[in-house]
Amino acid sequence: MQKEAEQRVREMQSRARLVGGENSPSPEPQRKNSSPQNFIHQNPTPARDPFSAVIGNLDSDRIIILALLWLLWNEHADSKLLMALLYLLL
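Once you know that position 79 of the sequence shown is 1030 in our numbering, the rest is easy, because the numbers rise by one and skip nothing.
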């Protein structure tokens, strides 16, 4: 099974070289002690859903402006006011 994984790694590296072009630098040779089994036990970074990724980057001021925009949009407020609030978000 390890030999099959090593063969797949070689195939993927050769495909990457073809896609990258001949002028791209060649990758470093694979170490003997870095077998694919070592990579299986590493913890990948947890995937975040898109909503929390967007909301997580907003501070409280921006959240308040977004809420105000949403309320004013539902009340069919003046478009100039909405554009001014959108400008504040930039």
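Glycine included, each C-beta is placed from N, C-alpha and C at the ideal position. Note that this is a predicted model, so its numbers are computed, not measured.
Range covered by the alpha helix (DSSP H) that runs through Met1034: Residue 1034 sits at position 83 when you count from the first residue of the sequence shown. Element bounds for Met1034: Ser1030 to Leu1040.
Rounded Cβ spacing between Leu1023 and Leu1033 (contact assumed at less than 8 Å): Mapped onto the sequence shown, residue 1023 falls at position 72. Mapped onto the sequence shown, residue 1033 falls at position 82. Right, their Cβ atoms sit about 6 Å apart.
Asn1025, DSSP secondary structure in three states: Locating residue 1025 in the sequence shown gives position 74, where the first residue counts as 1. In this structure, Asn1025 counts as helix in the three-state DSSP scheme.
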